[in-house]
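Just so you know, the protein sequences line up as chains A and B, in that order. Using the working numbering, read the first sequence as starting at 1 and increasing by one per residue. Using the working numbering, read the second sequence as starting at 342 and increasing by one per residue. From the three backbone atoms N, C-alpha and C, an ideal C-beta is built for every residue, glycine too. Have a look at the structure below, then the notes.
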Amino acid sequence: MSVQVGASTARPTVRLTHKEAIILAIAEEMRRDERVLYVGQDVGIFGGAMQGTMGLFEEFGARRVRETPISESAMVGIAIGAALFGRRPIVEISFGEFLPAAMNQLVNQAPNLHYMTGGSARVPVVIRTRVGDGPYGGHPQDYSAWFTHVPGLKVVMPATPADAKGLMVSAIRDDNPVLVLEPMSLSNARREEVPDGEHLVPIGSGAVVRPGRDVTVVAIGSMVPVALRAARSLESEEIDAEVLDLRSLAPWDTALVLASVDRTRRLVIVHEAWVSGGVGAEIAATVAESIPQRLLAPVLRVGALAIPVPSGKLRPLALPGASRVVDAIRSVVRPAEAPAG
Amino acid sequence: MWRLIAQALGKAAGYNKGRSVSFNGPFEANIVPWVAGDLGTSLGVATGAALACLEQRGGDVCVCSFGDGTANRGDFHESLNLASLWKLPIVYVCQNNGWAISQPASSYLPAPIAQRSAGYGMPGVSVDGNDVEAVREAVAEAVNRARAGGGPTLIESLTFRGKGHWAADHALYRNEPVLPRADPLELLGSRLIERGEAEAPDLERVRTGIRADVAAAVERARATPDASRTELGLNEVYV
């Protein structure tokens, strides 16, 4: 890693991929706090699914980087139990498709313990997993919305290496259970500047990644770069789109979204997961409940088609891309010019 | 004790502020809270508590009690396998009362639960669950083994179910008569008298004292206010 001075601040930065930033966050927290331990499959000498834990086993050894049998429910269960008694476990579920195997622990235990014990129990557990389309094409189903439904869980999905580091550090230091979702298509994407040393991004805060006047585009995870591409391509049509990176799915930055829509008066929401019952539905409903009179156009959602995400050549047809985002933005900004149907 | 009873009665003074009536004690007393309505997840959580015991190196051992019905959840398999692999200091005590709500064991248990331990490479012990001294001995041996680094033990404690699954369950699905069985405390009492270690009036004094304590606790709990809006805790979901 070459240390460079970032352009906008005097703060030193390192250039890292999304995945490298997450590994760095975990390594720094494990050095800082001996209660942090890492639990997962293939996290030993192999270096983790998609090489997602490279170097951790070598540095921290088999006692703090624990390889497990293929037992997702027990993996999350032991993380909860160890957390109740003073440890701060990170449990890696290799892919988001495997989260349902631990569903009881994730929705019936982890989120409820603090509240149901009258506040005496704390569950500082991080559940780390990978979701969506990715370089190897496997395990693309994205069930992230399910976990935003349950009070007591926090859910984050960073879209940049800097946020990946900052949100992972915040998740590890949080005394609540936090699900950290890594969009697989961004895991090995290009290296970007990441603040060196301590860097936290508050859970629950979104970010304006491109200011604009005409429409608010709320994007999540892998769709942030897609939304940015769409916004850039519309510059030539004199449409000025504001792109927000939601970053946290639960709790989400209601104030940021409402303030932006209040200004632009139009809203498009883009996520890789399905539209029905998704995070976008929650955002649309909140805007409709809060500032209906400010909307000049219907709120549109862009997401995966309502089919199980297929593989191979069918995949790009099922998942949202920049052209669908462009169409959605055009149709809310210039409804008269939008193609019929 | 009165706070535990307050909890069962949905009182604000219960350990859980009236939010869950489960019989879990104060978390501060190192009792793993049980809050989920589903079965078996507490096996995983208890196994994690044992991992914390191991990490903290203080010689603590986790004891996890569950029923014969729960033993058929996948969490049983996942947890025991993992605990044995990592030699975690935990004792799994399965109280086999032969019933899972309305179903007799013949409908869900093809073999004794203790035999499953072989598949996980841990000792499996079957014990008369109504014999207080036998249970104590079996658990003590398992605790000592766990503390010495010998890993987990599965104990199948054979007992019976005297009544229905819940207070209002008249167990009409049981077609055989519920035979009177020895209460574990009666059994222990008569044995103590036989061995000359206690006399009947001593035991009666203990019983009377405990009855009075329980009655006083119930009375104290009943007199406290029910949980209400304050205990809803809209801002207490997260730490």
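Within-8 Å CB hit, residue i to chain A
{"i": "Glu560(B)", "result": "no"}
{"i": "Arg457(B)", "result": "no"}
{"i": "Asp567(B)", "result": "no"}
{"i": "Leu499(B)", "result": "no"}
{"i": "Leu423(B)", "result": "yes"}
{"i": "Ser361(B)", "result": "yes"}
{"i": "Val580(B)", "result": "yes"}
{"i": "Gly574(B)", "result": "yes"}
{"i": "Gly492(B)", "result": "no"}
{"i": "Gly351(B)", "result": "no"}
{"i": "Tyr356(B)", "result": "yes"}
{"i": "Leu495(B)", "result": "no"}
{"i": "Leu426(B)", "result": "yes"}
{"i": "Ser406(B)", "result": "no"}
Which of helix, strand or coil DSSP assigns to residue i
{"i": "His271(A)", "result": "strand"}
{"i": "Trp440(B)", "result": "strand"}
{"i": "Lys165(A)", "result": "helix"}
{"i": "Val302(A)", "result": "strand"}
{"i": "Ser205(A)", "result": "coil"}
{"i": "Asp567(B)", "result": "strand"}
{"i": "Ala475(B)", "result": "helix"}
{"i": "Phe85(A)", "result": "coil"}
{"i": "Leu526(B)", "result": "helix"}
{"i": "Val3(A)", "result": "Low local confidence applies: a pLDDT of 46 at Val3(A) is under 50, so the model's placement there is unreliable, with the coordinate-based value given in what follows. If DSSP states are grouped into helix, strand and coil, Val3(A) belongs with the strands."}
{"i": "Lys19(A)", "result": "helix"}
{"i": "Lys154(A)", "result": "strand"}
{"i": "Tyr461(B)", "result": "helix"}
{"i": "Phe147(A)", "result": "helix"}
{"i": "Pro335(A)", "result": "helix"}
{"i": "Tyr38(A)", "result": "strand"}
{"i": "Phe46(A)", "result": "coil"}
{"i": "Pro445(B)", "result": "strand"}
{"i": "Asp245(A)", "result": "strand"}
{"i": "Arg128(A)", "result": "strand"}
{"i": "Ile70(A)", "result": "coil"}
Supposed contact pair residue j and residue i - C-beta distance, whole angstroms, cut 8 Å
{"i": "Asp472(B)", "j": "Leu526(B)", "result": "The pair is not a contact, with the Cβ atoms about 11 Å apart (cut-off 8 Å)."}
{"i": "Asp245(A)", "j": "Val224(A)", "result": "5 Å"}
{"i": "Val364(A)", "j": "Ala25(A)", "result": "Residue 364(A) lies beyond the residue range present for chain A, which begins at 1 and ends at 341; the question has no answer from this structure."}
{"i": "Ala489(B)", "j": "Val402(B)", "result": "Not really, about 10 Å apart at Cβ, beyond 8 Å."}
{"i": "Gly47(A)", "j": "Thr53(A)", "result": "6 Å"}
{"i": "Val125(A)", "j": "Pro161(A)", "result": "That pair is no contact at about 24 Å."}
{"i": "Val257(A)", "j": "Val217(A)", "result": "Not really, about 11 Å apart at Cβ, beyond 8 Å."}
{"i": "Gly221(A)", "j": "Glu282(A)", "result": "Not confirmed; about 15 Å, so no contact."}
{"i": "Gln41(A)", "j": "Thr68(A)", "result": "6 Å"}
Residue i and residue j closer than 8 Å at C-beta
{"i": "Thr494(B)", "j": "Met463(B)", "result": "yes"}
{"i": "Ala241(A)", "j": "Leu234(A)", "result": "yes"}
{"i": "Leu179(A)", "j": "Ile127(A)", "result": "yes"}
{"i": "Arg294(A)", "j": "Arg265(A)", "result": "yes"}
{"i": "Asp409(B)", "j": "Thr382(B)", "result": "no"}
{"i": "Met30(A)", "j": "Arg64(A)", "result": "yes"}
{"i": "Asp379(B)", "j": "Asn108(A)", "result": "yes"}
{"i": "Tyr461(B)", "j": "Leu421(B)", "result": "yes"}
{"i": "Ala322(A)", "j": "Val309(A)", "result": "no"}
{"i": "Val91(A)", "j": "Met75(A)", "result": "yes"}
{"i": "Ala475(B)", "j": "Gly465(B)", "result": "no"}
{"i": "Ala353(B)", "j": "Glu560(B)", "result": "no"}
{"i": "Ala230(A)", "j": "Val325(A)", "result": "yes"}
{"i": "Arg15(A)", "j": "Glu289(A)", "result": "no"}
is_contact[residue i, chain B] using C-beta, thresh 8 Å
{"i": "Asp240(A)", "result": "no"}
{"i": "Gly212(A)", "result": "no"}
{"i": "Gly6(A)", "result": "Since pLDDT at Gly6(A) reaches only 46, below the 50 mark, its modelled position is unreliable, and the value read off the structure follows with that caveat. By this cut-off, Gly6(A) is not an interface position."}
{"i": "Tyr115(A)", "result": "yes"}
{"i": "Ser71(A)", "result": "yes"}
{"i": "Gly152(A)", "result": "yes"}
{"i": "Thr216(A)", "result": "no"}
{"i": "Ala322(A)", "result": "no"}
{"i": "Ala74(A)", "result": "yes"}
Closer than 8 Å to chain C by CB, residue i
{"i": "Thr68(A)", "result": "Looking for chain C here will not work: the only protein chains present are A and B."}
*Can you give me, in chain order, the residues of the stretch 160-189 of chain A that have a beta carbon less than 9 Å from any beta carbon in chain B?*
Residues are counted here when their Cβ sits less than 9 Å from a Cβ of chain B; for the stretch 160-189 of chain A these are Asp174, Asp175, Asn176, given in chain order.
*Can you list, in chain order, the residues of the stretch 195-207 of chain A whose Cβ is nearer than 9 Å to any Cβ on chain B?*
Cβ contacts with chain B: none found.
*Quick one, which residues of the stretch 20-45 of chain A are near chain B if we go by CB-CB under 7 Å, in chain order?*
Per Cβ criterion, the list is empty.
*Which of the residues in the stretch 383-394 of chain B, read from start to end, lie with their CB under 9 Å from any CB of chain A?*
Residues passing the 9 Å Cβ filter: Ser383, Leu384, Gly385, Val386, Ala387, Thr388, Gly389, Ala390, Ala391, Leu392, Ala393, Cys394.
*Mind listing which residues of the stretch 78-108 of chain A have their C-beta closer than 7 Å to chain B's C-betas, in chain order?*
Cβ contacts with chain B come from Ile78, Ala79, Ile80, Gly81, Ala82, Leu84, Phe85, Gly86, Arg87, Asn104, Gln105, Asn108.
*Return the residues of the stretch 265-288 of chain A that lie within a Cβ-Cβ distance of less than 8 Å from chain B, sorted by chain order.*
Those would be none; no residue qualifies.
*Pull out every residue of the stretch 116-150 of chain A whose Cβ sits closer than 7 Å to any Cβ of chain B, in chain order.*
Result list: Met116, Thr117, Gly118, Gly119, Ser120, Ala121, Arg122.
_Cβ-based contacts, 7 Å cut-off: residues of the stretch 250-266 of chain A near chain B_ = Listed by position, the residues of the stretch 250-266 of chain A near chain B (Cβ gap below 7 Å) amount to none.
*Compile a chain-ordered list of the residues in the stretch 510-542 of chain B whose CB is closer than 8 Å to at least one CB of chain A.*
From the stretch 510-542 of chain B, no residue has a Cβ closer than 8 Å to chain A.
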